[in-house]
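There are 2 protein chains.
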Amino acid sequence: MITKCIDLSSGAPVALGAARARVTIDPWPCGLTVDRVPGLTTSTIKRALLGRAFATEDLSRERLPKRLALPTFASDALSSVAYAPDEILLTLALAGMTAYAVSPWVALAVVALMAVVVAANRHNVQEYPDGGGDYRVVQDNLGQRAGRVVGSALLVDYVLTVAVSISQAAHYTTGGLPVLHGWETWIAIGLIILVTLVNLRGVRESGRTLAIPVYLFMGSLGLLLLLGAVQALTGTLGHAPSAGYEIEPDAAFDQGLTALGGALLVLRAFSSGCAALTGVEAISNGVPSFRPPKSRNAATTLVILGAISSVFILGIIVLAGATGVRYVEDPATQLTRDGAQVTDYQQIPVIAQIAQAVFGGGSPLFYVVLISTGVVLFLAANTAFNGFPNLACALARSRNLPRQLRQRGDRLAYSNGILALSLASILLVWLTGARVSLLIQMYIVGVFVSFSLAQLGMTIHFSKQLRVITSGVQRRRIARRRAVNAFAFAVVTLVLVIVLVTKLPHGAWVAVSAMLLLWLLMSGVHRHYQRVRSELALPTDQEDPMPRPARSPALVLVASLDRPTMRALAVASATRPTTIEAIIVDDEDVDWRAVADRWRDLDVQIPLRVLYAPYRQFSAPVLAHVMNLLSRSPRDEVVVYIPEFLVGHWWEALLHNHSARRLRARLEHLPRVVVATVPWQLGSAQEAVDQVQDEVRSAALRGRGRAR
Amino acid sequence: MITKCIDLSSGAPVALGAARARVTIDPWPCGLTVDRVPGLTTSTIKRALLGRAFATEDLSRERLPKRLALPTFASDALSSVAYAPDEILLTLALAGMTAYAVSPWVALAVVALMAVVVAANRHNVQEYPDGGGDYRVVQDNLGQRAGRVVGSALLVDYVLTVAVSISQAAHYTTGGLPVLHGWETWIAIGLIILVTLVNLRGVRESGRTLAIPVYLFMGSLGLLLLLGAVQALTGTLGHAPSAGYEIEPDAAFDQGLTALGGALLVLRAFSSGCAALTGVEAISNGVPSFRPPKSRNAATTLVILGAISSVFILGIIVLAGATGVRYVEDPATQLTRDGAQVTDYQQIPVIAQIAQAVFGGGSPLFYVVLISTGVVLFLAANTAFNGFPNLACALARSRNLPRQLRQRGDRLAYSNGILALSLASILLVWLTGARVSLLIQMYIVGVFVSFSLAQLGMTIHFSKQLRVITSGVQRRRIARRRAVNAFAFAVVTLVLVIVLVTKLPHGAWVAVSAMLLLWLLMSGVHRHYQRVRSELALPTDQEDPMPRPARSPALVLVASLDRPTMRALAVASATRPTTIEAIIVDDEDVDWRAVADRWRDLDVQIPLRVLYAPYRQFSAPVLAHVMNLLSRSPRDEVVVYIPEFLVGHWWEALLHNHSARRLRARLEHLPRVVVATVPWQLGSAQEAVDQVQDEVRSAALRGRGRAR
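Keeping their order, the protein sequence lines are chains A and B.
full-length UniProt numbering puts the first residue of the first sequence at 1, with every later residue one more than the last.
full-length UniProt numbering puts the first residue of the second sequence at 1, with every later residue one more than the last.
What follows is the structure in structure tokens.
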């Protein structure tokens, strides 16, 4: 084991004896399996399921070229073309067939918004090459409170990403396998469990393996649009499966899209279509993973991504119109054929319908489109499983969430965060029955809240820069950038208002309430940690920061004269306390006379005190005696040595240690008391003991190769 | 606070300086409420519900004269007259009306058995004036293993006592209030909860208050039998409510009581009637509560009790026949009137039917009989709530059950045992729907197992005496007594066989299985404690029983430089360890550089060591470092000081102490390590802290008056 001493002032290695700073940096690395309950072999099982643990340094090896970074970060953004057009059409359908004429304009509006957001996000990427995304931008520029708002918005948004993507993937599955129709909820839950396990194992392979399905998706969808366009131009374009139906408009829209109601509906369709913008922030989070020049590559990737998404969305909407797609929320009530309601029609997503029309129903290309779309949706959910724990970890580090969320588990995964996300999304899918249109209502609020605040943050960021930079050329450049972000802020905030107005009564209130709850929780946690911190802070004016106690009497708890007791006595006297005393409680069960006799026979050099307990309570006489000792001098610290057993089996724990634990819990209520546990490993615990020690040794051997 | 030093060899007080034995007996008594969870005010609530705690010395004041002892111990035995005759009639009814002619003979057989048992138990009482009952007799004379058998049998029997008594009390309740018919299960459960609360509060009042209802019961039942006899002799005896019905015999008994089937049925009826013998052992358990001459008074009380029971049983059976009682298990299927099944008849217990016939249906005396019988049944259950915890405590003391059962709670009650009994009997009542006839099947096995073994034990006890006593007169006397017990053993064992044969398939297997399970459990517990004891025993040949460690290096766990850390450092250095070192783990979250800088600024005189943690595990580097220290010398003991927070609210516990607790749990797996917890009371915990200290102080003040 190598030990280095470094002089903190110079950073140079120092011989042990001369370390002025008296600080030793121990590069002795250790690795270990996670904690075990004695008797269970969770570590073995975990190792089998999850594989070998990763060292932190492995993280840094993951640097991707643009061609591999695009698929890695694009899946979330690209996947939204699998449901955004659907939602536009579905919403417009409320006003009947005529409203579909508006759909290309709605799509165009969404594309325009995407352009603005992409342009603004380029600056995010360029100004924050260390990554961090919207949360980082807001926290740095707008403060902790706004950071918490963004944090809660993004946390909710990640849950919804998983719920929406997986639910839609389930619908694509039943689109390709109609026999599974009606089982979407269970398919979705199964997929979430699958992606959870994959993520608990870690995503080291992500770079290369992700590329294939994403490129396949882009390729097949591109081919679909291309072929569809060619067919439309040559007049050979087929019809969608739903082309033969009519849409029964909602009662409020008998006249079609007119007046305020119509305008609102178009806005609703627009805000549903804005679901296409989700996923853009993944790139700004992942800038460190790009090859240098990181920012530039990331920015370029962002633009490419935005362009591809836009083309897809427009193309899908246009082709949907050309093939006569009728897409509604509830086919049974809204679709009619010749005036009669349709009962046996199973609706499939828009892309699937277009693929049927362009490629033909049984064509292998149809299934390629379906499968690759489904896989991309799955990967989008996977992205959320990276982002959520990262965010939770960042929040925990800034003390907005409980500290155990900052721990990384094995294989570079944040186990706690992953599990939380999994449970939340399963619950959501189960409650909504995997209904994507319902989930979409909740979806976009979080994203736009954080977009909006992030753009404000960027604007302020540039303003801060302008205050210090004097060069005219640079000032103009920064001012131009700031203008872009300020404009984006205005636009995005407007869209946010539109989204809230149109979606709040339809389901967004759930997301908003969740965000509010999370925000309150995080504020409370943060406040608590702050309060504790100030409570514990060392007073700066204190003369001696480390006032030593005048005396430290030692008490050893004795019940009988056996080996654990002897060990406790030996240990206690080895610490050379001011005074030492053994105490035994007479609670009708202990034969203290026999103990005292043996004490005398063995000529034990430590005084034994018998405490009388008329109320048969074990802790009370001990506590009273300790309080008596403490009252004698206000600067004494009493150290109480309590023997405890380490047991091998869970049921043995029922048979031992009760009085000891209760006593320790009560002793902790007294000031100036230290409770020293003297463990004795029972024979049955030998296996657990060996296992712990073996793990430490093997991990230390493994880690030796990594010594800094 | 008074401290006395007593020289153990002479027992005389010794001045402090001269205490050769170095043993101090501290008569400083303390009393305290039971342990609290911080934040809950259970102690205040408990005190309100349960009253002031009792000192052990109050126990000894409970000495009763015969006239008060009889009711105290008789309720269990007397109460069985409220269901034993019912069971005899019910069983015989399977063979139709004609079988009822046999009932007085069955009752006579039961009475004869009772005479034998009473006679044999007199010797129990006389030979064991310290009390202890069957368990004590068997353990002393037949050994631990047999003692465990009796222990498990009696534990099961106590549960059944409660279940049977309370269920029958519920039936008496609905007998008097027919509107409650059908609610017996819930009434029974409610009564069990009531008796549980009463017993948790303690039974100090038991002596005097029990006397009234028991004497009332004896008086009213005696009056009933007397008046009934007079009426029968003068021909004015009325009819029971069920007199107008006929009993449909079971298919197997078309011919009435003939051949083997008939004989078996009579034996079944007899063994059901043996339920009348339960409760006899209560007196042998309670001998210490009698006024001197204890044994003689107890023996006399026993005989009186047996006589009264016998008279009651015989009287009830005879009067039942005279008034034409028809008592069956299921009136709806077994009773007929003019050949047609009876549907609207609500059956009430036999005593109630007799009372209706003798006193008249609406007469106040009828209700007196009903109420007093119900109360006596309730008190019988109450007796079990005394016996069960006492027995569990005795079993725990001989290490057959977990040690926490040996603790007495407040108010001279054994809280854990009471709660266990309560839960078990509620479960049983709920599962059987308060059906007494089903519960009776399980009931008597336990009692007769312990009777049988106890008589064997007494026989052996007398044999042991005969081996040492030479005087002819005494030998003959002891031999006569031994003959009685030997005969009782033979008879009781025969009855046990009958009981098992007749009842095993009908429900007794449940009780036998439970007994077996308990016996296995107790054997396991006993074996475990024995093994641990021998594992921990001090080797007798060891030169130095208390080998001191060569060195005791101290490690202090540090995460930041705050007050708790400083306290831990101060405490650690005050114990004057061989070496002391502060360790801080670099797990990506701790800014160790800042801590090290501050360390240097404050010029802390303790070296700081930074442990590198590449796998981001908190415990592992610490464990590895400790193992390294241990490996340097096989006689070192490492003391690790870990700061911990005492929190005020439960949710604060979610935010702190996790790493510390996990580390402590793992450290306990290493040999020669002592884990010292340095508690820091957070501000929010101040209330809990004050409360604990106040309780200790007030209890000490109270206890001062009791100083020996």
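Just so you know, even glycine gets a beta-carbon here, dropped at the ideal spot from N, CA and C.
Return yes when the Cβ of B:GLU281 is within less than 7 Å of the Cβ of B:GLY133, no when it is not.
-> Indexing the second sequence from 1 puts residue 133 of chain B at position 133. Indexing the second sequence from 1 puts residue 281 of chain B at position 281. Contact: yes.
Is A:ASP130 buried or exposed, if buried means 16 or more other CB atoms sit within 10 Å of its CB?
-> The residue labelled residue 130 of chain A in the question sits at position 130 within the first sequence. So A:ASP130 ends up on the exposed side.
Compare the C-beta of A:GLU687 with all C-beta atoms of chain B and state if any pair is closer than 7 Å.
-> Stepping through the first sequence from its first residue, residue 687 of chain A is reached at position 687. Output row for A:GLU687: interface = no.
Is it right to say A:VAL499 is buried, meaning 16 or more other beta carbons lie within 10 angstroms of its own, or is it exposed?
-> If you number the first sequence from 1, residue 499 of chain A lands on position 499. Buried: at least 16 other Cβ atoms inside 10 Å.
According to DSSP, residues forming a beta bridge with A:GLN686 = What you label residue 686 of chain A is simply residue 686 of the first sequence in a count that begins at 1. According to DSSP, which records beta bridges pairwise, A:GLN686 is partnered with nothing at all.
Run down chain B in chain order and give the residues with a C-beta less than 7 Å from the C-beta of A:VAL696.
-> Counted from its first residue, the first sequence places residue 696 of chain A at position 696. Chain B residues near A:VAL696: ALA620, LEU623, ALA624, MET627.
Cβ-based burial, B:TRP650 [other Cβ within 10 Å; buried from 16] = As a working note, residue 650 of chain B is residue 650 in the second sequence. B:TRP650 is exposed by the Cβ-count criterion.
Consult DSSP for B:PHE645 and reduce its assignment to one of helix, strand or coil.
-> The sequence position of residue 645 of chain B within the second sequence is 645, counting from 1. Reduced to three states, the DSSP call for B:PHE645 is strand.
Boundaries of the alpha helix (DSSP H) in which B:TYR612 is found, first to last residue | Residue mapping note: residue 612 of chain B aligns to position 612 of the second sequence, counting from 1. Where B:TYR612 is concerned, there is no enclosing alpha helix (DSSP H), although the beta strand (DSSP E) it sits in stretches over 608 to 612.
Please check the pair A:ASN400 and A:ARG145, which I expect to be a contact at CB under 8 Å, by giving their CB distance rounded to whole angstroms.
-> As a working note, residue 400 of chain A is residue 400 in the first sequence. As a working note, residue 145 of chain A is residue 145 in the first sequence. Between A:ARG145 and A:ASN400 the Cβ distance is about 10 Å, and since that is not below 8 Å, they are no contact.
What runs of the alpha helix (DSSP H), each 4 residues or longer, lie entirely inside the segment 494 to 580 of chain A?
-> 508 to 536, 563 to 574
Quick one: which chain B residues come within Cβ less than 9 Å of A:VAL328?
-> Reading the first sequence from its first residue, position 328 is the one you call residue 328 of chain A. What A:VAL328 touches in chain B: nothing, since even the nearest Cβ is about 47 Å away.
Sorted by chain position, which residues of the same chain lie with C-beta nearer than 6 Å to B:THR278's C-beta, five sequence neighbours on each side aside?
-> As a position in the second sequence, residue 278 of chain B is number 278, starting the count at 1. Here the set comprises SER80, VAL447.
Can you pull the chain B residues whose beta carbon is under 7 Å from the beta carbon of A:ARG548, in chain order?
-> As a first step, residue 548 of chain A must be located in the first sequence, where it is residue number 548. Result: ALA570, SER573, ALA574.
Under a three-way DSSP split, which group does A:GLU127 fall into?
-> To locate residue 127 of chain A, count along the first sequence from 1; it is residue 127. In the structure shown, A:GLU127 sits in a helix (DSSP, three-state: H, G or I).
DSSP three-state call for A:ILE316: helix, strand or coil?
-> Counted from its first residue, the first sequence places residue 316 of chain A at position 316. If DSSP states are grouped into helix, strand and coil, A:ILE316 belongs with the helices.
Pull up the DSSP beta-bridge partners for residue 718 of chain A, would you.
-> The structure shown does not extend to residue 718 of chain A, since chain A spans only 1 to 708, so no value can be given for it.
For B:GLN404, I'd like the list of residues in its chain whose CB is within less than 7 Å of its CB, leaving aside the five on either flank, ordered along the chain.
-> Residue 404 of chain B sits at position 404 when you count from the first residue of the second sequence. Taken in chain order, the residues that qualify are ASN416.
Listed by chain order, chain A residues near B:PRO564 by CB distance under 7 Å = On the second sequence, residue 564 of chain B is found 564 positions in, with the first residue counted as 1. Neighbours of B:PRO564 on chain A, chain order: LEU536.
First through last residue of the beta strand (DSSP E) which encompasses A:THR336 = If you number the first sequence from 1, residue 336 of chain A lands on position 336. Residues 335 to 337.
Using DSSP with H/G/I as helix, E/B as strand and the rest coil, what is B:PHE618?
-> The sequence position of residue 618 of chain B within the second sequence is 618, counting from 1. B:PHE618: coil per DSSP, three-state reduction.
With DSSP as the reference, label B:VAL369 as helix, strand or coil.
-> Translated into the one-based positions of the second sequence, residue 369 of chain B becomes position 369. It is helical.
Any contact of the segment 481 to 491 of chain B with the segment 111 to 121 of chain B, i.e. 3+ C-beta pairs under 8 Å?
-> yes
Where A:ALA688 falls, given that 16 or more other Cβ within 10 Å makes a residue buried | In the first sequence, residue 688 of chain A corresponds to position 688, counting from 1. A:ALA688 is buried by the Cβ-count criterion.
Who are B:PHE487's beta bridge partners in DSSP?
-> The residue given as residue 487 of chain B occupies position 487 in the second sequence. Per DSSP, none; premise fails for B:PHE487.
Coarse secondary structure for A:ASP587, derived from DSSP in three states = Indexing the first sequence from 1 puts residue 587 of chain A at position 587. Reduced to three states, the DSSP call for A:ASP587 is coil.
Terminal residues of the continuous alpha helix (DSSP H) containing A:GLU184?
-> Your numbering for residue 184 of chain A matches position 184 in the first sequence. Counting along the chain, the alpha helix (DSSP H) containing A:GLU184 begins and ends at 184 to 201.
Does the beta carbon of A:ARG411 sit closer than 7 Å to a beta carbon anywhere in chain B?
-> Here residue 411 of chain A refers to the residue found at position 411 of the first sequence. Low per-residue confidence applies at A:ARG411: pLDDT is 38, beneath 50, and the placement is therefore not dependable enough to give any value.
Validate contact between the segment 372 to 380 of chain B and the segment 155 to 174 of chain B using beta carbons, cut 8 Å, 3 pairs = yes
Grouping DSSP H, G and I as helix and E and B as strand, with all else coil, what is A:VAL325?
-> The residue you call residue 325 of chain A lines up with position 325 of the first sequence. Three-state DSSP puts A:VAL325 in coil, outside helix and strand.
Answer with yes or no whether the minimum CB distance from B:HIS669 to chain A is below 7 Å.
-> Numbered from its first residue, the second sequence carries residue 669 of chain B at position 669. Chain A, which has a Cβ nearer than 7 Å to the Cβ of B:HIS669, makes this yes.
Return yes when the Cβ of B:ALA357 is within less than 7 Å of the Cβ of residue 747 of chain B, no when it is not.
-> A query on residue 747 of chain B cannot be resolved here, the shown segment of chain B reaching from 1 to 708 and no further.
For A:GLU637, return the contacting residues in chain B, with the cut-off set at a CB-CB distance below 7 Å.
-> In the first sequence, counting from the first residue as 1, residue 637 of chain A sits at position 637. VAL571, ALA574, listed in chain order.
What is the residue span of the alpha helix (DSSP H) that A:TRP651 lies within?
-> The residue labelled residue 651 of chain A in the question sits at position 651 within the first sequence. Run containing A:TRP651: none; DSSP gives neither H nor E here.
Whole-angstrom Cβ separation of B:ILE580 and B:ALA554, contact assumed at under 8 Å?
-> If you number the second sequence from 1, residue 580 of chain B lands on position 580. If you number the second sequence from 1, residue 554 of chain B lands on position 554. That belief holds up - the Cβ atoms of B:ILE580 and B:ALA554 are roughly 4 Å apart, short of 8 Å.
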